[in-house]
Amino acid sequence: MNIVNFTPQSAFAGGIIIGFAVIVFFIGNGRLAGVSGIVNATLVSKQNRTDNFLFIIGLVLGPIFYVFFTKIDIPFLITSSLPIIITAGFLVGIGTKIGRGCTSGHGICGISLLSVRSIIATIIFMITAIITVKLIG
Amino acid sequence: MASKIVSFISGIIFGVGLSVSNMINPEKVLGFLDIFGLWDPSLIFVMLGAIIISAPVFFLFRSKNKPLFADNFTMPTLKSIDKNLIIGSSIFGVGWGMVGFCPGPAISSLALLNTYSVYFVLSMIGGFLLTEFVDKIIIRGSKINYD
Chain C
-13 MNIVNFTPQS
-3 AFAGGIIIGF
7 AVIVFFIGNG
17 RLAGVSGIVN
27 ATLVSKQNRT
37 DNFLFIIGLV
47 LGPIFYVFFT
57 KIDIPFLITS
67 SLPIIITAGF
77 LVGIGTKIGR
87 GCTSGHGICG
97 ISLLSVRSII
107 ATIIFMITAI
117 ITVKLIG
Chain Z
12 MASKIVSFIS
22 GIIFGVGLSV
32 SNMINPEKVL
42 GFLDIFGLWD
52 PSLIFVMLGA
62 IIISAPVFFL
72 FRSKNKPLFA
82 DNFTMPTLKS
92 IDKNLIIGSS
102 IFGVGWGMVG
112 FCPGPAISSL
122 ALLNTYSVYF
132 VLSMIGGFLL
142 TEFVDKIIIR
152 GSKINYD
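Going line by line, the protein sequences match chains C and Z.
Numbers -13 to 123, taken from our numbering, label the letters of the first sequence in order.
Numbers 12 to 158, taken from our numbering, label the letters of the second sequence in order.
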């Protein structure tokens, strides 16, 4: 195992900020900030649709505000081909819908709540993701 | 109105967190998933940072209070480890490992105006809607029951 590009400080700081987003949403609206659930609900449910849509708009504005105020460029690189990207998008949509959660819903909110379901989900999607990277990487 | 402002602000803060941690960057996430190659453990620190903040608040706030702008807390109802959880999470992991995008970062990255992000998000929405369609129309009455 070779460790490279490790940025523990910015990772931890970013994590704390995400944690704050989660608690603001929870204390304010009593809901868990699971992104796949929020996007899904926006698509198929009339309940809280404006709230959900505004969360998504905020999610897109976040990086814009970050760059505007810090003047720091965000490193960003996608090397996958278009067919891979489309397939992956489909699988992420189908998988998070059937498994009822993604990295934020299960990985952050669920684990914070000590939910056994979420801990197991997180272990499973990490393992299949690691295997996928090993196979196609 | 207040709940809408809270949703909007939460989304912004979340997007800033993804930017600061660079989890918005698929290459960074793939670095984490490449445990057997050149490994970048940063994602663990992101999760730790978030959990350290949210876990105590979940437990302290929930037992004593109501949310500020809602009648009650909306919590997941399912508790059991079912087939859907295992199959769904497995499929999600494969998609995540193919590109390095999960839903939050993918949507947030639309800000960076990369065409590939748009294709990914549209496909993901296609996946959501396809699953909804299959569940509601084709296997209605099955045990599958989404939020």
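Even glycine gets a Cβ: it sits at the ideal position worked out from N, Cα and C.
For clarity, every value in this text was computed on a predicted model and none was experimentally measured.
Sort out for me which residues DSSP pairs residue i with in a bridge.
| i | result |
| --- | --- |
| C/ILE(-11) | Z/TRP50 |
I want to see whether chain C comes within less than 8 Å of residue i, judged by CB atoms only; does it?
| i | result |
| --- | --- |
| Z/THR88 | no |
| Z/SER65 | yes |
| Z/ILE20 | yes |
| Z/LEU41 | yes |
| Z/SER74 | no |
| Z/LEU124 | no |
| Z/ILE46 | yes |
| Z/LEU141 | yes |
| Z/ILE148 | no |
| Z/LEU49 | yes |
| Z/ASP158 | Legend: pLDDT at Z/ASP158 = 46, less than 50; position of this residue unreliable, no value from coordinates given. |
If you draw a straight line from the C-alpha of residue i to the C-alpha of residue j, how long is it?
| i | j | result |
| --- | --- | --- |
| Z/VAL129 | Z/LYS94 | 31 Å |
| C/SER90 | C/ALA19 | 7 Å |
| C/GLY96 | C/GLY14 | 18 Å |
| Z/ILE155 | Z/PHE47 | With a pLDDT of 49 at Z/ILE155, under the threshold of 50, the modelled position of this residue cannot be trusted; read the value that follows with caution. The alpha-carbon atoms of Z/ILE155 and Z/PHE47 are separated by roughly 36 Å. |
| Z/PHE70 | Z/VAL132 | 33 Å |
| C/ILE50 | Z/LEU123 | 8 Å |
| Z/ASP158 | Z/LEU140 | For Z/ASP158, the pLDDT reaches just 46, beneath the cut-off of 50, and the residue's location in the model is therefore unreliable, although a value from the coordinates is still provided. Answer to the nearest angstrom: the Cα atoms are 14 Å apart. |
| C/GLY48 | Z/LEU29 | 8 Å |
| Z/ALA117 | Z/ALA81 | 28 Å |
| Z/ILE148 | C/ARG103 | 27 Å |
| Z/MET58 | Z/LYS90 | 22 Å |
| C/GLN33 | C/ILE42 | 15 Å |
| C/ASP59 | Z/GLU38 | 15 Å |
| C/ASN(-9) | Z/ALA66 | 28 Å |
| C/GLY81 | Z/ILE92 | 15 Å |
Closest Cβ-Cβ distance between residue i and chain Z: below 8 Å?
| i | result |
| --- | --- |
| C/ARG17 | yes |
| C/ARG86 | yes |
| C/ARG103 | yes |
| C/PHE54 | no |
| C/PRO(-6) | yes |
| C/LYS32 | no |
| C/PRO49 | yes |
| C/LYS83 | yes |
| C/LYS57 | no |
| C/PRO61 | yes |
Among the options, which has the Cα closest to the Cα of residue i?
| i | options | result |
| --- | --- | --- |
| C/ASN26 | C/THR65, C/THR36, C/LYS83, C/PHE54 | C/LYS83 |
| Z/MET135 | C/PHE6, C/LEU121, C/THR28, C/LEU77 | C/LEU77 |
| Z/ALA13 | C/PHE11, C/PHE(-8), C/ILE3, C/ILE(-11) | C/PHE11 |
| C/SER(-4) | Z/PHE56, Z/SER18, Z/GLY106, Z/LEU44 | Z/PHE56 |
| C/THR(-7) | Z/VAL17, Z/GLY22, Z/ILE20, Z/VAL40 | Z/VAL40 |
| C/THR108 | Z/TYR127, Z/MET109, Z/ILE97 | Z/ILE97 |
| Z/LEU121 | C/ALA7, C/PHE62, C/ALA74, C/LEU100 | C/PHE62 |
| Z/LEU44 | Z/TYR127, Z/PHE112, Z/ILE92, Z/ASN125 | Z/PHE112 |
| C/ASN38 | Z/LYS15, Z/ASP51, Z/VAL145, Z/THR142 | Z/LYS15 |
Residues in its own chain within less than 6 Å of residue i by CB, not counting five upstream and five downstream?
| i | result |
| --- | --- |
| Z/GLY26 | SER119 |
Output needed for residue i: all residues of its chain with C-beta closer than 8 Å, excluding positions within five of it in sequence on either side, in chain order.
| i | result |
| --- | --- |
| Z/ASN83 | LYS77 |
| Z/PRO114 | MET135 |
CB-CB under 7 Å to residue i, same chain, minus the five flanking residues each way: which ones, in chain order?
| i | result |
| --- | --- |
| C/HIS92 | SER104, ALA107, THR108 |
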